[in-house]
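Have a look at the structure below before the remarks.
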Amino acid sequence: MNKLEEMFREALAPAGITINGSNPWDIQVFNPKVYELVMQSGSLGLGEAYMSKMWDCSRLDQFFERVLLNDIEGKLGLAEKLKFASSAAKLKLKSWVNPQSIERCKFDVPHHYDIGNKLYQKMLDSRMTYTCGYWNRASTLDEAQEHKMDLICRKLDLQPGMRILDIGCGWGSFMIYAAKKYGVICDGLTLSKEQKKLGSKLAIENGVVANFILKDYREFKPTVQYDRIVSIGMIEHVGPKNYAEYFECAERFMKDDGVFLLHTIGSHHSTTASDPWISKYIFPNGVIPSMKNLAEAMEDRFNIEDVHNFGEDYDKTLMCWFSNFQQSWNQIKGDYSEDFYRMWKYYLLSCAGAFRSRDLSLWQLALTKIGRRRPLTVRSM
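Position 196, counted from 1, in the sequence shown is what this note's numbering calls 177; the numbers after and before it change by one each time, with no gaps.
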């Protein structure tokens, strides 16, 4: 046993993780170079070593839950080392560089969402909702996603004829649901051509008015002000340099008596970058906001009327997505490689572990313009 392996064994022991052990959360190491990769590159090295089959684990979700609960990164001294490396890398860039610029987002967003509608159709619920479900009194993924959408509609107190803007509308699951059940008229912004194409088709099939607009929120020039605004799982693509402009746009787009429902993954610490592996392979230049980030960016623009945290529901949602993905793999694998399978599995299960450990949260914030009366409906339900 080399010194690096011994160090890893000692660091993992308090988490109950044994290298080449028999528990489902234990890791099986096939190439000892994995230790060097992790010490050199942290989570990026760990993820790339997994993709290269240097190690495996029967239950990645349980492995990551234990790793995060026990701060294994800190025990290995990686947190400070990688923080320093990240800071050094930033010094090489000018302070004016914006990783989530309009032009950059037009490239980064399709990187994830235009990899094929068939994959998402197999993995997601029947409405194709690619955000956390709400599992209160729900027993299936379809029920959890419907409950989430209805929760949002009730918080917004939707009424027939209202104009709704969905910033980052995906395939339009919320717009279609809200239009069909509450009689509202919806416009949605997306940067994904695949989402616009399929979403428009689904809206027509459901007989509702849901307009998909292929445009960045910063370039959007609406001819009307909206009664309500929603942004469900989109601000994670916005980035710290753009948070203030994002809220300025939302304020400008919305009527004075409107309500803005923001649904986002949340971090308990502020950062300017996401996990290196996630950023490289899954969501380029994505950043998870902290409550401090959001509060500072909306200062003097919005009242925070309500905060609702149901992050543990994302664990259940991700595990359902993984189950659907795994069961459907034989039907779609002709369009993807085995490397993609390992990458996608690692993505879904590592994120499930992060939510299970409470390393990540899921927030719904109900916002109104400064000086407006608080609507009773926005309280958490």
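The beta carbon of each residue, even a glycine, is placed where N, CA and C say it ideally should be.
Alpha helix (DSSP H) runs wholly inside the stretch 295 to 330, at least 4 long, in chain order: none
Nearest residue (CA-CA) to Gln43, options Leu329, Arg354, Ile351, Leu346: Stepping through the sequence shown from its first residue, residue 43 is reached at position 62. The residue with the shortest Cα to Cα distance from Gln43 is Leu329.
Rounded to the nearest angstrom, what separates Ile145 and Trp36 at their Cα positions? The sequence position of residue 145 within the sequence shown is 164, counting from 1. The sequence position of residue 36 within the sequence shown is 55, counting from 1. About 48 Å.
Alpha carbon to alpha carbon, how far is Leu41 from Lys99? Stepping through the sequence shown from its first residue, residue 41 is reached at position 60. Stepping through the sequence shown from its first residue, residue 99 is reached at position 118. Between Leu41 and Lys99, the C-alpha separation is close to 25 Å.
Would you say Tyr111 reaches chain C, if we count a Cβ-Cβ gap shorter than 8 Å as a contact? Reference to chain C is not applicable here, since this structure consists of a single protein chain.
Would you check if the stretch 223 to 233 and the stretch 317 to 326 touch, i.e. whether three or more CB-CB distances between them fall below 8 Å? no
In terms of residue numbering, what span does the alpha helix (DSSP H) encompassing Trp258 cover? Working through the sequence shown from its first residue, we reach residue 258 at position 277. Here the alpha helix (DSSP H) through Trp258 covers 257 to 262.
In chain order, what residues of the same chain have a beta carbon less than 6 Å from the beta carbon of Met20, not counting five sequence neighbours either side? Taking the first residue of the sequence shown as 1, we reach residue 20 at position 39. So the list is empty, once near-sequence residues are dropped.
So, under 8 Å CB-CB, Arg337 and Glu46 are touching, yes? Tell me the CB distance rounded to an integer number of Å. For the purposes of this step, residue 337 is identified with residue 356 of the sequence shown, where counting begins at 1. For the purposes of this step, residue 46 is identified with residue 65 of the sequence shown, where counting begins at 1. The pair is a contact, with the Cβ atoms about 5 Å apart (cut-off 8 Å).
Looking at the strands, I want to know which residues DSSP matches up with Leu242. Within the sequence shown, residue 242 is the residue found at index 261, counting from 1. Answer by DSSP bridge pairing, in chain order: Val211, Ala347.
N-terminal and C-terminal residue of the beta strand (DSSP E) that Ile53 is part of: Residue 53 sits at position 72 when you count from the first residue of the sequence shown. Where Ile53 is concerned, there is no enclosing beta strand (DSSP E), although the alpha helix (DSSP H) it sits in stretches over 53 to 56.
Distance, Pro5 Cα to Ser76 Cα: Taking the first residue of the sequence shown as 1, we reach residue 76 at position 95. Taking the first residue of the sequence shown as 1, we reach residue 5 at position 24. Confidence in Ser76 is poor, its pLDDT being 48 and thus under 50, which makes the residue's placement unreliable; the coordinate value appears in the next sentence. Looking at the two C-alpha atoms, the distance is approximately 45 Å.
Only counting the same chain, and skipping five residues up and downstream in sequence, which positions put a Cβ closer than 6 Å to that of Arg(-10)? One-based indexing of the sequence shown puts residue -10 at position 9. The answer, listed in chain order, is Ile0.
Please list, in chain order, all residues of the same chain as Ser251 whose beta carbon is under 7 Å from its beta carbon, the five residues on each side excluded. In the sequence shown, residue 251 corresponds to position 270, counting from 1. Cβ within range, chain order: Ser271, Lys273, Asn274.
Distance between Asp256 and Ala125 (C-alpha atoms, nearest Å): Position 144 of the sequence shown, counting from 1, holds the residue named residue 125. Position 275 of the sequence shown, counting from 1, holds the residue named residue 256. Each residue's Cα considered, the two are about 27 Å apart.
Tell me the rounded alpha-carbon separation between Gln308 and Ala333. Numbered from its first residue, the sequence shown carries residue 308 at position 327. Numbered from its first residue, the sequence shown carries residue 333 at position 352. Rounded to whole angstroms, Gln308 to Ala333 spans 18 Å at the Cα level.
Name the DSSP beta bridge partners of Asp340, please? The residue you call residue 340 lines up with position 359 of the sequence shown. In the DSSP output, where bridge partners are listed per residue, Asp340 has none listed.
Opening and closing residue of the beta strand (DSSP E) in which Gln102 lies: Indexing the sequence shown from 1 puts residue 102 at position 121. Element bounds for Gln102: not the beta strand (DSSP E) but the alpha helix (DSSP H), 98 to 104.
Is it buried or exposed, Val211, if we count other Cβ atoms within 10 angstroms and call 16 or more buried? Mapped onto the sequence shown, residue 211 falls at position 230. Val211 should be labelled buried.
Pick from Arg108, Tyr198, Leu(-7): whose alpha carbon is nearest that of Lys56? Counting from 1 along the sequence shown, the entry for residue 56 is found at position 75. For Lys56, the nearest C-alpha among the options comes from Leu(-7).
If we count Cβ pairs, one from each stretch, closer than 8 Å, do we get three or more for the stretch 176 to 196 versus the stretch 125 to 135? no
Strictly by DSSP, which residues pair up with Arg191? Position 210 of the sequence shown holds residue 191. Before going on, a small fix: residue 191 reads as Ala here, not Arg. DSSP lists Cys167 as partners of Ala191.
Nearest-angstrom Cα separation, counted from Asn(-17) out to Phe291: Along the sequence shown, read from residue 1 onward, the residue named residue 291 stands at position 310. Along the sequence shown, read from residue 1 onward, the residue named residue -17 stands at position 2. Going from the Cα of Phe291 to the Cα of Asn(-17) covers about 43 Å.
If you drop the 5 nearest sequence neighbours on each side, which residues of the same chain put their C-beta closer than 7 Å to that of Gln206? In the sequence shown, residue 206 corresponds to position 225, counting from 1. Answer for Gln206: Phe234, Met235, Lys236, listed in chain order.
Hey, could you find the ends of the alpha helix (DSSP H) Glu226 is sitting in? The residue you call residue 226 lines up with position 245 of the sequence shown. Per DSSP, Glu226 belongs to the alpha helix (DSSP H) from 224 to 234.
Taking C-beta to C-beta, are Ser213 and Phe264 nearer than 8 Å? Taking the sequence shown and counting its residues from 1, the one referred to as residue 213 is at position 232. Taking the sequence shown and counting its residues from 1, the one referred to as residue 264 is at position 283. The sequence given here has Ile at residue 213, not Ser. Taking 8 Å as the Cβ cut-off, Ile213 and Phe264 do not qualify as a contacting pair.
Proximity of Arg353 and Asp281 at Cβ, strictly below 8 Å: In the sequence shown, residue 353 corresponds to position 372, counting from 1. In the sequence shown, residue 281 corresponds to position 300, counting from 1. Cβ distance not < 8 Å, so Arg353 and Asp281 don't count as in contact.
Limits of the beta strand (DSSP E) - the one that Phe(-11) falls within: Here the question's residue -11 lines up with position 8 in the sequence shown. No beta strand (DSSP E) contains Phe(-11), which is instead part of the alpha helix (DSSP H) from -16 to -7.
Of all the beta strand (DSSP E) runs that stay within the bounds of the stretch 115 to 159, which reach a length of 3 or more residues? 144 to 148
For His289: DSSP bridge partner residues: The residue labelled residue 289 in the question sits at position 308 within the sequence shown. Gln345.
Express the C-alpha separation of Asn311 and Asp106 in angstroms, rounding to a whole number. Translated into the one-based positions of the sequence shown, residue 106 becomes position 125. Translated into the one-based positions of the sequence shown, residue 311 becomes position 330. The alpha-carbon atoms of Asp106 and Asn311 are separated by roughly 19 Å.
Just to check my reading of the structure: Glu229 and Phe283 have Cβ atoms closer than 8 Å, yes? What is that Cβ distance to the nearest angstrom? Numbered from its first residue, the sequence shown carries residue 229 at position 248. Numbered from its first residue, the sequence shown carries residue 283 at position 302. Not a contact, Cβ separation roughly 10 Å.
Can you tell me whether Leu357 is buried or exposed, with buried defined as 16 or more other CB within 10 angstroms of its CB? By one-based count along the sequence shown, residue 357 stands at place 376. By the neighbour-count rule (16 or more Cβ atoms within 10 Å), Leu357 is not buried but exposed.
Decide if Ser331 is buried, meaning its Cβ has at least 16 other Cβ atoms within 10 Å, or exposed. Counted from its first residue, the sequence shown places residue 331 at position 350. Looking at its Cβ environment, which holds 16 or more other Cβ atoms inside 10 Å, Ser331 is buried.
Close Cβ partners of Leu18 (< 6 Å) along its chain, the five nearest in sequence each way excluded: Here residue 18 refers to the residue found at position 37 when the sequence shown is read from its first residue. Answer for Leu18: Gly26, Ala30, listed in chain order.
Could you work out which residue in Thr112, Asn187, Val165, Gln9 is closest to Tyr295 when comparing CA atoms only? For the purposes of this step, residue 295 is taken as the residue at position 314 of the sequence shown. Comparing Cα positions, the closest option is Thr112.
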